[in-house]
Amino acid sequence: MPTTTDQAISSASGDIPSILCTPDSGSGPGVVLIQEIFGVNDYILSVAERLANEGYVVLAPHMYWRIQHPFRVDARGPEDLGPAFEIANQHPPEDGVADIGAALDHLSSRSEVRGGVAVMGFCFGGSMTYLAAAAHEPTCAVSYYGSMIGENLDKAPGITCPILFHFGDDDPFLPNEHVDGLRAATEGMDNVEILVQEGAGHAFDNDKNPMFANPSAAAASWARTSAFLRNHLNAS
566 MPTTTDQAIS
576 SASGDIPSIL
586 CTPDSGSGPG
596 VVLIQEIFGV
606 NDYILSVAER
616 LANEGYVVLA
626 PHMYWRIQHP
636 FRVDARGPED
646 LGPAFEIANQ
656 HPPEDGVADI
666 GAALDHLSSR
676 SEVRGGVAVM
686 GFCFGGSMTY
696 LAAAAHEPTC
706 AVSYYGSMIG
716 ENLDKAPGIT
726 CPILFHFGDD
736 DPFLPNEHVD
746 GLRAATEGMD
756 NVEILVQEGA
766 GHAFDNDKNP
776 MFANPSAAAA
786 SWARTSAFLR
796 NHLNAS
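If you read the sequence shown in my numbering, its first letter stands for residue 566, the second for the next number, and so on.
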C-alpha cells in the first residue's frame, strides 16, 4: 500500500504544505498532482494513491495555502460548491504557477524520484497544469477539464512538453467552443493530444462526487492517461 506523508515545499513565498504519496517500491518517476477547487480532499488523495499504485511518486501541494490552510471540501451536493468557488476566485493564477514550479523542483530533487516528472491536474488543477506547462519544463503534462484554458489560449505556443487534455462534451462549466479554440491554438503542435468524452460533464473522473462521476468516461480517459504517463515518464 502506498505511503502518504505531509511534506513542506520550499519556495520564495514560504513553505508550501503538501502531501507526498510514495509507491510500495519506494521509488519511481514523479507526478505533481494539482487539486480541484475543493482542495486536497478524499478524491485527490485517492488519485494520488491511484498513481502511486502505478509506480509514481506523487506530490500534491495545497494550492490555497496563502488564503486558507487547511482547506478541503469533500463535495457531495450543490451546497458544497459555494465555499469552493469563493476561495478559488481569490487565488491568483500567477501564484499557482510559481508554486507548481517549486513543486516540480522539489520532486525532481528527491532521491526517490527516478525518471521524469509530470504535472497533472483536475478542474482548477487542469487549468493550472496548462499554465504551468507553458511556464515551466515538466517532462509531460495531463490536464483534465481546465475551465480557464479558453481564457488563456495565448499561452498554448509556450508548451513544448507532451501534453494530454481531457474534456467532456457536455460540460456546463467549459463550453465546447473553448475546446475548439484550443484545437485551433495548438494546430500543428505534435506534442498536443486532445480527447473529448462523449456525454461526459465536468469533473467526470471524480468518483467520490455523485454530482459529477461518469464511470465509463473516467475509465476511458484514465486508460489513456496511464499509457501516456508510462510512455513519457518511464522513458526519461
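Ideal Cβ placement from N, Cα and C applies to all residues, glycine included.
Tell me which same chain residues have a C-beta within less than 8 Å of the C-beta of Asp772, skipping the five on either side of it?
Tyr608, Ser611, Ala778, Pro780, Ala783
Out of Phe769, Leu585, Gly723, point me to the one whose CA is closest to Val757's CA.
Gly723
Exposure label - Met754; buried when at least 16 CB within 10 Å:
exposed
Taking the alpha carbon of Glu651 as the point to measure from, which residue in Tyr629, Ser692, Asn618 has its own alpha carbon closest?
Tyr629
Classify Glu702 as helix, strand or coil using the three-state DSSP reduction.
coil
Given that a residue counts as buried once 16 or more other Cβ atoms are within 10 Å of its Cβ, and exposed if not, what is Glu601?
buried
Per DSSP, which one or two residues make a beta bridge with Glu601?
Gly604
Looking at the structure shown, is Asp719 part of a helix, part of a strand, or coil, going by DSSP?
helix
Endpoints, beta strand (DSSP E) assigned at Glu758
757 to 762
Closest by CA to Asp571, which one among Ser578, Gly593, Val605, Asn774?
Val605
Check whether the Cβ atoms of Tyr709 and Cys688 sit closer than 9 Å, and answer yes or no.
yes
Are the beta-carbon atoms belonging to Leu794 and Pro594 less than 9 Å from one another?
yes
Closest by C-alpha distance to Phe738, when choosing among Gly711, Ile584, Ser576:
Gly711
Is the stretch 614 to 634 touching the stretch 698 to 705 in the sense that three or more CB pairs, one from each, lie closer than 8 Å?
no
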